[in-house]
Amino acid sequence: MKLAAASATDQGRVRSNNEDAFLIDDQRALFAVADGMGGHRGGEVASHTAIEALRAAIANGTPLHDAITRANTAVLTRAAGDDELAGMGTTMTAVVAIGGRQLLIGHVGDSRAYMLHEGTLRRATDDHSLVEELVREGRLTPEQAEAHPQRAIVTRALGVDDPVDVDLYTLDVEAGDRVVLCSDGLTTMVRERDIERLARAEPDPQRLAEALVAAANDAGGEDNVTVVVVDVLEADAALAHDPTTVIAEQEPPVSRSAVIPPPDPPAPREPRPKGSRSRAVRGAILVLLPLLFIVGIAAAALGWYARSSYFVGASGNEVVIYKGVPGGVLGWNPTVDQRTGVALGSLPALDRDRVQTNSSRGSRATAEAYVGRLRAAATTTTTSTTTTRPKTTTTAPKRTTTTKPRVTATTIAKAGP
Ligand code: MG
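Under this note's numbering, the first residue of the sequence shown is numbered -8, with each subsequent residue one higher.
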């Protein structure tokens, strides 16, 4: 395969530094764009660390997927060794030639690869971003996504999780095809149809890269913008075993390779929205923690309620005071706190109902007071379990009191409705 590659990068019109990085490795036919994020120096260090780790891994013969995994490890390791770099991350969109007519793309984050084939531009990668996920789920239109205030929030990046999920895409290419790698500083500023128009009209890859960066700046240049253009000059399956050659366009060496130690400007900068991208992933954790705390408090409150409540109920034929809530709550089941020796069957019907339906609830004192009243009502009827039997009327004088429960019941019934 014969390729021609060119690049352009700019910090844009708003940012005070450039956290993007890129790579054109002629010998390995390897191309990449990385968009760093994280406060202070973090973004620059993350993107440059990832690009250098990718280059080194590919140079050692590591397959693209594993090379990006190593870049992820490199960013995590670098961040772990420096408090100032904690939380940094970066996107990575890399392309390597395989065989005589295929390109392999490895992708994490919201930088993009486009392919121009016969004048039509097609996006070759899916963004790992909040708004793109909403578009894929049909909850946002592509037009709404373009203007969405949270379009900079990425859902996947190098430097966050280990291992990282890497998307791989294979592109079949032929002579005349063109691949454009770019950071979101291009795609948030320039519409795809304008990218397509420029990519179709400009035959020279270097001039195209510069024109795209200029277009992003003309539109406001709100973010760092980086473009790598790879033109396929020759592609043939028969050439599968031929070494791929890359003709890199002439340009100042300083911008040719991103494998330059990042500058070290310790000047404080105002917080940038970009920082919210890495926070987006960690943000989920920060949102969950207070939620778990609230759930814990609620569970503790319910437990306290369950264990400090009492009710009067029945255990077999005996009236007892239960500690807890009828039916239990969150695994705290009521336990018998005190037996009363009062037989359920000795109670007036209404009280018996109340006891059997556990409808007397409250503190321990209320429960004891209620049991006291039950005891009083029951005492007079201890021997009146036979009230329903006709013979009770013929027994001891005490039987006169058998009317008491009925009177009580009647009184209450009257007082009712
Ligand atoms: Mg960006």
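Glycine is no exception: its CB is placed at the ideal position from the N, C-alpha and C atoms. Everything numeric in this text was worked out from a predicted model, so none of it was measured.
Mind checking which residues open and close the beta strand (DSSP E) that includes residue i?
i	result
isoleucine 186	First-last for isoleucine 186: 183 to 192, but that is the alpha helix (DSSP H), not the beta strand (DSSP E).
arginine 130	First-last for arginine 130: undefined, no H or E at that position.
threonine 326	326 to 334
Do you know offhand how far residue i's Cα is from residue j's?
i	j	result
arginine 6	leucine 95	32 Å
serine 354	alanine 305	17 Å
proline 257	asparagine 9	Reliability of the predicted coordinates at proline 257 is poor, the pLDDT of 46 falling under 50, and the value obtained from them is presented with this limitation in mind. So the alpha carbons of these two residues sit roughly 14 Å apart.
glutamate 134	valine 181	13 Å
leucine 321	glycine 100	42 Å
valine 208	glutamate 137	Just to set this straight, residue 208 is asparagine in the shown sequence, not valine. When rounded, the distance between both Cα atoms is 17 Å.
threonine 410	histidine 39	Lying before the first or after the last residue shown, residue 410 is absent from the chain, which here runs from -8 to 408.
alanine 190	alanine 206	12 Å
methionine -8	threonine 81	30 Å
arginine 114	leucine 293	53 Å
alanine 368	serine 300	24 Å
arginine 69	aspartate 26	16 Å
aspartate 1	proline 140	23 Å
isoleucine 15	leucine 177	19 Å
proline 410	isoleucine 285	Residue numbering for the chain in the displayed model covers -8 to 408; residue 410 lies beyond these limits and cannot be assessed.
alanine 41	alanine 210	29 Å
aspartate 185	glycine 110	13 Å
glutamate 213	proline 194	27 Å
glutamate 43	alanine 62	8 Å
threonine 166	glycine 150	In the sequence on display, residue 166 carries alanine and not threonine. Going by the C-alpha atoms only, they are around 36 Å apart.
valine 333	proline 281	49 Å
alanine 12	alanine 200	14 Å
threonine 331	valine 311	5 Å
alanine 23	alanine 290	51 Å
aspartate 158	arginine 4	31 Å
threonine 146	alanine 85	18 Å
leucine 279	isoleucine 49	38 Å
asparagine 215	methionine 28	11 Å
aspartate 227	leucine 283	58 Å
valine 346	arginine 298	20 Å
serine 351	alanine 143	59 Å
Determine the DSSP secondary structure at residue i, reduced to helix, strand or coil.
i	result
alanine 297	helix
threonine 81	strand
isoleucine 59	helix
glutamate 309	strand
leucine 341	helix
valine 303	strand
alanine 166	coil
glutamate 10	coil
glycine 29	coil
glutamine 347	helix
aspartate 156	coil
proline 259	For proline 259, the predicted model reports a pLDDT of 46, less than 50, meaning its position is unreliable; a value from the coordinates is still stated below. Here proline 259 sits in coil by DSSP.
arginine 103	strand
valine 479	Beyond the ends of the chain as shown, which are -8 and 408, falls residue 479; an answer cannot be given.
valine 316	coil
threonine 161	strand
Under a CB-based cut-off of 7 Å, is residue i close to chain D?
i	result
aspartate 175	Absence of chain D from the displayed structure is noted, only one protein chain being present.
On the DSSP bridge assignment, give the partners of residue i in chain order.
i	result
alanine 88	Leu94
aspartate 1	Val216
histidine 108	Thr111
aspartate 222	Ala(-5) and Arg169
valine 237	Leu(-6)
valine 145	Ser120
Where do the N-terminal and C-terminal ends of the alpha helix (DSSP H) with residue i fall, by residue?
i	result
leucine 45	33 to 50
glycine 353	Careful: glycine 353 lies outside any alpha helix (DSSP H), inside the beta strand (DSSP E) at 351 to 353.
glycine 176	175 to 178
glutamine 197	196 to 209
alanine 136	133 to 137
arginine 19	Segment: none, arginine 19 is in no alpha helix (DSSP H) and carries neither H nor E.
Give a yes or no on contact between the region 102 to 113 and the region 40 to 56, applying the rule of three or more CB pairs nearer than 8 Å.
-> Short answer: they don't touch.
Would the region -6 to 5 and the region 120 to 134 be scored as touching if the rule is three or more Cβ pairs under 8 Å?
-> In this structure the region -6 to 5 does not touch the region 120 to 134; the number of beta carbon pairs closer than 8 Å is below three.
Taking 8 Å as the threshold, find out whether the region 165 to 176 comes into contact with the region 218 to 225 through three or more Cβ pairs.
-> yes
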